[in-house]
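Here's the structure we're looking at; comments come further down.
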């Protein structure tokens with residue numbers, strides 16, 4: 369939780385700076401790249417590990433990021449590592465993307481279905497969500513989960529719409545027993 | 022063999038399922054960040070209210086929202102956190118935590134959320150939802166205490182009377198008979214129950230041993246007192262949240278009876294353990310600790326609980342306007358009900374100046390001090406009369422008792438003071454000796470056996486003998502025998518006099534009869550002592 373607060377402070381800083389320097393879109397891509405990069409266990413562990421010296425972290429990050437991300441991002445990552453906040457880097461990337469989405473009114477949505485959905489349904493779902501949530505763009509993250517048996521579960525922000533057959537069955541079970 | 026009609030069977034099944042809502046709805050959810058030690062931190066749940074009930078997915082576990090922070094909410098768990106991991110979903114229910122209350126609860130043992138734990142099956146009948154946390158009735162919906170709550174204990178009914186709607190603290194060290202007093206009081210309400218004007222009793226056991234609770238339930242059953250009693254049990258092995266919510270559940274049940282125009286008595290046994298449970302939860306939620314590591318709002322924890330005890334105004338139309346009356350009992354609301362509270366506090370080595378004892382002493386309308394010295398010297402109930410008080414109960418005492426026991430408390434205080442001198446065995450003047458003799462006999466009279474409450478009219482009769490000095494010639498060790506003898510004579514030959522005393526009247530004729538009978542019976546014992 370403490371990490372989260374730290375992450376939001378740094379993310380806000382780079383967010384404002386990116387807006388100012390007109391490298392907003394580029395930085396967003398950089399941060400998404402950084403987010404994916406920090407999913408790699410080895411890199412993540414290295415960032416977290418306080419035994420690894422700062423300059424080692426600097427050089428590794430530089431090699432990994434060079435030619436892939438913008439100048440601003442490279443400078444930013446270098447600052448974070450210098451300030452010994454490298455453990456917060458994954459969180460910062462996460463927080464930045466979240467901020468970007470809110471700014472652009474993009475809504476990430478998770479959908480779970482029993483079978484893969486076709487494009488027609490996908491369009492209708494996106495249309496419906498846009499209408500309900502007043503967002504301009506919907507990022508649909510599709511997951512297939514056979515346990516649901518049928519129907520779908522929709523999740524965005526802290527809302528959950530459970531229209532799966534699994535839930536209906538379990539409710540029926542509750543009613544009977 | 023009867024023929025089975027499959028279509029009939031399916032019709033019945035369909036009927037049972039007809040109430041099922043298969044329609045999905047939008048839930049507000051959060052994800053578990055961390056869980057353990059009876060609390061969970063959850064990310065999301067942005068609109069959750071304080072004290073709201075939440076449900077965990079993949080289990081029956083429920084929790085109550087206690088902390089609302091910037092980026093997470095702190096939840097106390099009402100059960101064991103099995104099968105729950107980081108990332109699991111928590112759902113809002115939109116309901117503030119409630120308990121289902123109804124007449125059918127009588128005779129049952131339940132836990133803090135109203136589930137039966139006595140193995141007698143689910144609770145049937147009309148049940149209404151009562152909120153666990155509720156604001157106490159405002160000033161205009163109350164009236165002063167004016168009706169006595171007879172405890173059946175001589176020392177209390179005569180000197181520290183308790184009125185319906187009062188909060189009287191019972192405080193003392195371990196092993197001084199703290200639990201016995203309210204249990205006897207509950208047993209004594211059988212008379213009201215038989216008369217058809219029951220005082221519903223709620224016994225809340227917080228942090229006690231399961232065996233102790235079972236023992237208490239058995240005692241109540243043996244005396245036929247479970248018919249109008251509800252036991253709420255949160256034993257030492259239950260989660261801390263269950264323990265600190267148990268008194269609130271008791272108050273909620275009591276309020277149901279209070280607001281429907283009836284009398285109820287709730288015993289919180291004991292609030293020191295509740296405070297400890299609350300401290301545990303508070304510290305785990307990282308609320309800053311204060312004195313003795315209790316959180317800052319431990320006073321509020323007890324004051325808001327005890328404020329819910331009240332005598333409600335007789336006027337039905339006013340009572341119906343009561344603040345925070347739950348929707349569920351709005352149409353049943355009536356005036357004239359009361360909720361009496363007997364909180365218990367356990368002290369450590371008689372230290373009443375510790376944090377929790379001073380808090381609760383200042384909240385309640387009086388306190389009954391129990392002392393282990395007295396207990397061990399055979400004075401049972403071990404009430405220290407000198408420092409026990411009842412701030413409002415006096416106006417509720419019945420007239421005949423008030424008149425007869427009026428001087429008893431002062432006499433006893435004086436006696437205690439002089440008793441110290443008597444120990445030196447020095448020569449005492451006659452007046453002093455008389456005070457001491459009388460005091461000693463009064464102490465004997467006020468002794469009472471376990472689970473043996475005495476009807477108020479008998480109390481008046483025997484206390485009259487003590488205060489008037491009618492037993493001065495009876496040796497101390499014969500007082501108990503005299504009491505038994507005297508009361509049986511009174512019951513057999515002068516039941517009309519007892520009847521009058523019970524009504525609260527006191528006339529010369531009655532007093533004469535009392536005096537005459539006492540002298541007659543006493544003479545028997547005097548002779549024996551001279552032999």
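Protein chains in written order, with the working numbering: chain A, 369 to 545; chain B, 22 to 552.
Backbone N, C-alpha and C define an ideal beta-carbon position, used for all residues, glycine too.
Note that this is a predicted model, so its numbers are computed, not measured.
- Going by beta carbons, residue 411 of chain B and residue 182 of chain B fall inside the 7 Å limit.
- Residues of the stretch 498 to 531 of chain A whose Cβ lies closer than 7 Å to any Cβ of chain B, in chain order: 526, 527, 528, 529, 530 and 531.
- Straight-line measurement puts the Cα of residue 375 of chain B at about 33 Å from the Cα of residue 119 of chain B.
- Just so you know, the alpha carbons of residue 473 of chain A and residue 37 of chain B end up roughly 46 Å apart.
- For residue 473 of chain A, no CB of chain B lies under 7 Å from its own CB, so it is not counted at the interface with that chain.
- Taking a contact as a CB-CB distance under 8 Å, the pair residue 284 of chain B and residue 330 of chain B does not count as one, their CB atoms being some 11 Å apart.
- Assignment of residue 281 of chain B by DSSP, reduced to helix, strand and coil, places it in the strand class.
- Taken through DSSP and simplified to helix, strand or coil, residue 127 of chain B comes out as coil.
- At a Cβ-Cβ threshold of 7 Å, residue 332 of chain B and residue 185 of chain B count as neighbours.
- The stretch 515 to 523 of chain A makes contact with the stretch 482 to 494 of chain A, as at least three CB pairs between them are under 8 Å.
- DSSP places residue 343 of chain B in the coil class of the three-state scheme, outside both helix and strand.
- Annotated three-state conformation of residue 274 of chain B is helix, per DSSP.
- Sorting A:513, A:524 and A:511 by C-alpha distance to the C-alpha of residue 497 of chain A places A:524 at the top.
- Between the stretch 208 to 219 of chain B and the stretch 295 to 305 of chain B, the count of Cβ pairs shorter than 8 Å is below three; the stretches do not touch.
- DSSP places residue 182 of chain B in the coil class of the three-state scheme, outside both helix and strand.
- Scanning B:303, B:180 and B:326 for the CA closest to the CA of residue 429 of chain B turns up B:180.
- Beta-bridge pairing by DSSP links residue 480 of chain A to A:511 and A:521.
- In the displayed model, residue 475 of chain B falls within coil according to three-state DSSP, outside both helix and strand.
- With respect to the C-alpha of residue 200 of chain B, the residue from B:340, B:328, B:291 and B:169 having the closest C-alpha is B:291.
- Residues of chain A whose Cβ lies closer than 8 Å to the Cβ of residue 89 of chain B do not exist; the shortest such Cβ separation is about 14 Å.
- The beta carbons of residue 62 of chain B and residue 55 of chain B sit about 5 Å from each other, so the pair counts as a contact at 8 Å.
- Between residue 219 of chain B and residue 266 of chain B, the beta carbon gap of about 26 Å keeps them out of contact (Cβ cut-off 8 Å).
- Shown in chain order are the members of the stretch 370 to 395 of chain A whose Cβ falls below 9 Å from a Cβ of chain B: 372, 373 and 376.
- As summarised for the stretch 374 to 452 of chain B, the continuous beta strand (DSSP E) elements at least 3 residues long and confined to that stretch are 387 to 391, given in chain order.
- Interface criterion not met: the Cβ of residue 57 of chain B is under 7 Å from no Cβ in chain A.
- Residue 222 of chain B has B:250 and B:286 as its beta-bridge partners, per DSSP.
- In this structure, the straight-line span from the alpha carbon of residue 44 of chain B to that of residue 529 of chain A is close to 10 Å.
- In the structure shown, the three-state DSSP call for residue 391 of chain A is coil.
- The alpha carbon of residue 140 of chain B has as its nearest neighbour, out of B:187, B:210, B:235 and B:163, the alpha carbon of B:235.
- Here residue 130 of chain B is buried, its C-beta having at least 16 other C-beta atoms within 10 Å.
- The beta-carbon of residue 49 of chain B is placed less than 7 Å from the nearest beta-carbon of chain A.
- DSSP, reduced to helix, strand and coil, places residue 430 of chain A within a helical segment of the structure shown.
- Beyond the five residues adjoining it in sequence on each side, residue 257 of chain B comes within less than 7 Å, by CB distance, of 228, 229 and 230 in the same chain, given in chain order.
- A distance below 6 Å between beta-carbons, with the five flanking residues on each side excluded, links residue 504 of chain B to the following residues of its chain, in chain order: 483.
- Against residue 66 of chain B, the close residues of chain A are 526, in the order they occur along the chain (beta-carbon pairs closer than 8 Å).
- With a threshold of 7 Å between beta carbons, residue 92 of chain B makes contact with chain A.
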